[in-house]
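Okay, so the sequence shown: first residue is 156 according to my numbering, each after it adds one.
Report on the following structure.
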Amino acid sequence: MRSGLVPPLALGYRTRPESVPGLEQVLAPGGAVLLAPGLAPKGPAWQAVTGKTQLAVSAARSPHWPGGLDLVAWVAAESRASVLSGYCEAASLLGLDQPGGEAAAYRFAAWLRSTDRRWLVVLDGLRDPADLE
156 MRSGLVPPLA LGYRTRPESV PGLEQVLAPG GAVLLAPGLA PKGPAWQAVT GKTQLAVSAA
216 RSPHWPGGLD LVAWVAAESR ASVLSGYCEA ASLLGLDQPG GEAAAYRFAA WLRSTDRRWL
276 VVLDGLRDPA DLE
């Protein structure tokens, strides 16, 4: 199952193991990964693009998951409202709907904690970790 819009890989995308060494080993059951750019000198805006989203897309589309993934939820995370919306969409896909957006989002978060199914949730574009509370 897929929830949210997983972006396509960029034309000519190539894995760069030096960017996130051992990413596939870190993405193990119960694991969490934060992809954040290293400190770099200020430069033109295009230089600030570090490929975090492309690394996440590659992980989400990877055929290397043993047995595959039961759920990939791609959540735009630019604000609390967008996180809630993404969680609600995933809850709906799983049949966890409840009246009110926050209730469905909480049901989805509870499902993530309790399920034995294989899942990957990508919070793309997270600006403020407080939006996840």
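Where a beta carbon is used, it is the ideal one built from N, C-alpha and C, also for glycine.
Quiz item: With burial defined as no fewer than 16 other Cβ atoms inside 10 Å of the residue's Cβ, what is the status of residue 279: buried or exposed?
Solution: One-based indexing of the sequence shown puts residue 279 at position 124. Per the 10 Å Cβ criterion, buried.
Quiz prompt | Of the listed residues 288, 227, 156 and 210, nearest to residue 235 (C-alpha basis) | solution = Counted from its first residue, the sequence shown places residue 235 at position 80. Answer by Cα proximity: 288.
Quiz item: Among 216, 286, 261 and 258, which has the Cα closest to the Cα of residue 156?
Solution: Residue mapping note: residue 156 aligns to position 1 of the sequence shown, counting from 1. Closest option to residue 156, Cα to Cα, is 216.
Exercise. Below 8 Å on the Cβ atoms is my guess for residue 161 versus residue 227; work out the distance and round it to an integer in Å.
Key: The sequence position of residue 161 within the sequence shown is 6, counting from 1. The sequence position of residue 227 within the sequence shown is 72, counting from 1. Yes, they are in contact, since the Cβ atoms of residue 161 and residue 227 sit about 7 Å apart, within 8 Å.
Exercise. Output yes or no for whether 8 Å exceeds the beta carbon distance between residue 230 and residue 188.
Key: Translated into positions along the sequence shown, residue 230 becomes position 75. Translated into positions along the sequence shown, residue 188 becomes position 33. Contact: no.
Exercise. State the Cα-Cα distance for the pair residue 214 and residue 273, rounded to the nearest angstrom.
Key: Numbered from its first residue, the sequence shown carries residue 214 at position 59. Numbered from its first residue, the sequence shown carries residue 273 at position 118. Roughly 14 Å separates the two Cα atoms.
Quiz item: How many Å lie between residue 222 and residue 258 at the Cα?
Solution: The sequence position of residue 222 within the sequence shown is 67, counting from 1. The sequence position of residue 258 within the sequence shown is 103, counting from 1. Distance between the alpha carbons of residue 222 and residue 258 is about 31 Å.
Practice problem: Can you give me the start and stop residues for the alpha helix (DSSP H) that residue 239 sits inside? | Solution: On the sequence shown, position 84 is the one that residue 239 refers to. From DSSP, the alpha helix (DSSP H) with residue 239 extends over 235–248.
Self-check item: residue 263 versus residue 163 - alpha carbon distance
Solution: Looking up residue 263 in the sequence shown gives position 108. Looking up residue 163 in the sequence shown gives position 8. Each residue's Cα considered, the two are about 25 Å apart.
Quiz item: Buried or exposed: residue 166, going by 16 or more other Cβ atoms within 10 Å of its Cβ?
Solution: On the sequence shown, residue 166 is found 11 positions in, with the first residue counted as 1. By the 10 Å Cβ count, residue 166 comes out exposed.
Quiz item: Do residue 256 and residue 159 have their C-beta atoms within less than 8 Å of each other?
Solution: Your numbering for residue 256 matches position 101 in the sequence shown. Your numbering for residue 159 matches position 4 in the sequence shown. No, the pair does not count as a contact, with Cβ atoms beyond the cut-off.
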